[in-house]
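**Q** Here the protein sequences come in this chain order: A and B. Start counting the first sequence at -7; every next residue gets the next number (this note's numbering). Start counting the second sequence at -7; every next residue gets the next number (this note's numbering).
There are 2 protein chains.
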Amino acid sequence: MPGSDLFTGTLDLLILKAVSWGPRHGYAIARWIRETTADVLVAQEGVLYPALHRLAKRGLLDEEWGRTDTGRQAKLYALTRQGRAQLRAEAERWSEYSAAVTRALALSGF
Amino acid sequence: MPGSDLFTGTLDLLILKAVSWGPRHGYAIARWIRETTADVLVAQEGVLYPALHRLAKRGLLDEEWGRTDTGRQAKLYALTRQGRAQLRAEAERWSEYSAAVTRALALSGF
DNA sequence: AGGTATACCTATGTCACCAAGGTATGCCAG
DNA sequence: CTGGCATACCTTGGTGACATAGGTATACCT
Chain A
-7 MPGSDLFTGT LDLLILKAVS WGPRHGYAIA RWIRETTADV LVAQEGVLYP ALHRLAKRGL
53 LDEEWGRTDT GRQAKLYALT RQGRAQLRAE AERWSEYSAA VTRALALSGF
Chain B
-7 MPGSDLFTGT LDLLILKAVS WGPRHGYAIA RWIRETTADV LVAQEGVLYP ALHRLAKRGL
53 LDEEWGRTDT GRQAKLYALT RQGRAQLRAE AERWSEYSAA VTRALALSGF
């Protein structure tokens, strides 16, 4: 089922944004996305972790084992310089893109 | 290459919108999308035609051979009642979705 | 002791997308 | 009248993100 997507492509963007204030681990990134979008967007774990590895492999995130605030082991992801540049570029693209779609949909219609 | 996507999912929506004023053929739909979004979104033909068939198979579009204004043969696509309902629903979802992403990205950031 | 929340992971299947082809018609310029 | 361009349709093959559905382990709280 196509189901509840309409999601594709923005996951990377939101992940990059989530770590733009400092290193975070995957589970916290998922929580951040869910919370800041009021459950409109939910990153399934089966989608999130592969995405993190993908971004790390592309050099946009640094991956490192560490500890959470509560002392649990967790893999921390940090924005690289390249990742920050990518975030800026993709955010810009999102802005153009979403404005274009919204404009098209707003046309006085049917 | 991931290339210039950030597109996925909204194509169906824009197609439905494109025919919301009356029947149109594929080529004209592609032109409409490109023009109303000022080239921000371009529906490749290799993506557009399968999408049209998909929507027709789902009962959201009616497919019928006819003629263009200039007298050329073309396959005309018309919104079904179900298609119109889908358009409303997806437009609503887009609105929520894009607002959520934009809000998240606007957070005072880094 | 058991349940829940945290925290990570992979495997499989589906499906939209991209690139790159191909066919045919009509029009206009040279 | 012929060559090119715009119109108009199509398919095939590969890639890759996503959904689903599992799995492991630790910590905390009751």
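Glycine included, C-beta positions come from ideal geometry on N, C-alpha and C. Just so it is clear, the structure is predicted and the values come from calculations on it, not from any experiment.
Is E88(A) close to chain B? Criterion is C-beta to C-beta, closer than 7 Å.
**A** yes
**Q** Going along chain B, which residues have a C-beta under 8 Å from V93(A)?
**A** T2, L5, L6, T29, L33, W86, S90
**Q** Using alpha carbons as the reference points, say which of G14(A), G18(A), A77(A) lies closest to V34(A).
**A** When only C-alpha atoms are compared, the closest one is G18(A).
**Q** When you check each C-beta in the region 57 to 85 of chain A against every C-beta of chain B, which residues fall closer than 9 Å?
**A** L71, R76, L79, E82, A83, R85
**Q** Please confirm whether L5(B) and E82(B) have their CB atoms less than 7 Å apart.
**A** yes
**Q** Say whether chain A places a C-beta atom closer than 7 Å to the C-beta of A20(B).
**A** no
**Q** What is the rounded straight-line gap between the Cα of Y89(B) and the Cα of T94(A)?
**A** 11 Å
**Q** Show which residues of chain B have a CB atom less than 7 Å away from the CB atom of Q96(A).
**A** Here residue 96(A) turns out to be Ala, not Gln, going by the sequence shown. Chain B residues near A96(A): L6, K9, T28, T29.
**Q** Taking Cβ positions, are L8(A) and A43(A) nearer each other than 7 Å?
**A** no
**Q** What does DSSP give as the partner residue(s) for D54(B) in the beta ladder?
**A** A70(B)
**Q** Within a Cβ cutoff of 6 Å, which residues of the same chain sit near A22(B), ignoring the five residues on either side of it in sequence?
**A** Closer than 6 Å at Cβ, skipping near neighbours: A35, L40.
**Q** L99(B) versus chain A: which residues are under 8 Å apart at the beta carbon?
**A** K9, T28
**Q** Enumerate in chain order the residues of its own chain whose CB-to-CB distance from L53(B) is below 6 Å, with the five nearest sequence positions on each side excluded.
**A** L47, Y69, G75
**Q** For W86(B) and V32(B), what's the separation of their Cα atoms in angstroms?
**A** 17 Å
**Q** From which residue to which residue does the alpha helix (DSSP H) around L47(A) run?
**A** 37 to 49
**Q** Let me confirm a value: L99(A) is counted as buried when at least 16 other C-beta atoms fall within 10 Å, else exposed. Which label applies?
**A** exposed
**Q** Check S(-4)(A) in the structure and name its three-state DSSP category.
**A** Because the pLDDT at S(-4)(A) is just 47, under 50, the model does not fix this residue reliably, and the value given afterwards should be weighed accordingly. Residue state, collapsed to three classes: coil.
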